[in-house]
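Q: Take this structure first; my questions come after.
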Amino acid sequence: MKLDTLKYGFDPATMPLDPVADYWTPEVTQALRQQDWAQTEVRSRVDLEAWQAFTADLPRDPYVNRRWKRMSWLTLDERGDVHDMGACPMAQGGAFNDAESMADRLRYYEPLTPEFMARPDVKAFVRAWARLWDLKPNEPILMQITGVRGEGMVDPLQGQGIHADGCKALSVMVVNRDNVAGAENHLYADKAGTRPLVDMTLDPGDILHLRDDRLYHSVDALAQDDETAPFERFIVIINSRFVDEFQNRILRRHFPDAVLNETR
C-alpha cells in the first residue's frame, strides 16, 4: 500500500546528541501556556516510515467496530528511562466518554510490541513528552497506536462526539493518513461546541498537544478520497495525569505505588 508519508524525510544525523534536549520549540510551550493547545511536528524527530510499519499487525479493537489498537502503560524512573508498567485496562467513565460501547467499562488491549518500545526514537519521544508536561517519576503514561482502515465512511470516535479524555495532559500524533478525505480535528472551549476555537487537519508527523481538562475536542468522519482504493488513518495517543476517578481507581489497583493525579 502506498503511503503518502514517504515524502517526509528522516535523517538521523539531524538528531541532537541528547534527543530530549530542545525536542519542542519554545513556541510550543508558550502556546500551551497561553491557549492550552499547541500544534507542531515530530517527523523531523522520528523515523515516521518505521513507525508506520507497526500499524500493519495491530489487533482489531474488541470493543469498537472497524478499529485497530494496541496500548501500554509506561512511566519514567528517576534517571528518565522509560519502563513498561505492565498490564492494566483502560477505563473511561461516562462523564468523559459518551459512546455506549466504551463508557463505564474496563477495556483490555494487547500491549505495544517490544520491538516498537525498544526503538531509540520512541523512547526519546516519550521522554520528551513527559518533560513537556513536567511529569514526575512513576507517573503512569498511557500510549496507544490506534486507527481505522477500510472503505465507505467511518466515525473514528465511534459516537463520542465532542469530548474530553479525562486527563490533564493529552497529545495526538498522526502516524499515517492514506487516501483519506475528512478527519478534520476541532477544538472547543465547551462540550456543547458553542465556542469553537480552531479547526485543523493533521498530516502524518503532525502532533496536537492540549490540556484536556480545559478544552474539548472532536474529529470529523472520514471516507476514501479515491473510492477505488481503501483508506487508512492511524494515530498515536499519549496522555497522563487523569482526572477520571474511574481510571484512577483502576490504576491504583494495578499499580499501588504509582504517582496519580487523584482528585480526592
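Residue numbering for the sequence shown follows numbering that gives the first Met the number 0, starting at 0 and increasing by one per position. Using N, Cα and C, we set each Cβ at its ideal position, and we do this for glycine too. As the structure is a prediction and not an experimental result, all values here were calculated from the model.
1) Just to confirm the assignment: which complete beta strand (DSSP E) runs, minimum length 3, are found wholly within the region 26–55?
2) For P195, does the three-state DSSP call read helix, strand or coil?
3) Using 10 angstroms around the beta-carbon of K68, count the other beta-carbons present and answer buried if the total reaches 16, otherwise exposed.
4) In three-state DSSP terms, what is I161?
5) Quick one, are the C-beta atoms of M142 and I237 less than 8 Å apart?
6) I need the DSSP call for L111, collapsed to helix, strand or coil.
7) What three-state label does DSSP hand N238 in the structure shown?
8) DSSP puts Q143 in a beta bridge; with which residues?
9) Have a look at R66, E183, T200 and flag the residue whose alpha-carbon is nearest the alpha-carbon of A220.
10) Nearest to K135 by CA position, among E150, F230, L75, is which residue?
11) What did DSSP end up calling N178 once you bin it into helix, strand or coil?
12) Quick check: the region 19–30 against the region 196–203, are at least 3 beta-carbon pairs closer than 8 Å?
13) Going along the chain, which residues of its own chain have a beta-carbon closer than 6 Å to the beta-carbon of A37, five neighbours each way excluded?
14) Does DSSP put L209 in a helix, a strand or coil?
15) Just verifying my parser: in three-state terms, what is the DSSP assignment at L186?
16) What do you reckon, are the CB atoms on A257 and G151 nearer than 8 Å?
17) Per DSSP, V218 is paired with what?
18) Strictly by DSSP, which residues pair up with M152?
19) Suppose the cutoff is 6 Å on Cβ atoms and the five residues either side in sequence are ignored; what does the same chain contact list for R176 look like?
A: This is what the structure gives:
1) 36–40
2) strand
3) buried
4) coil
5) yes
6) coil
7) strand
8) M70, I236
9) E183
10) L75
11) coil
12) no
13) V27, A30, L31, H208
14) strand
15) strand
16) no
17) N184
18) A222
19) P203, R232
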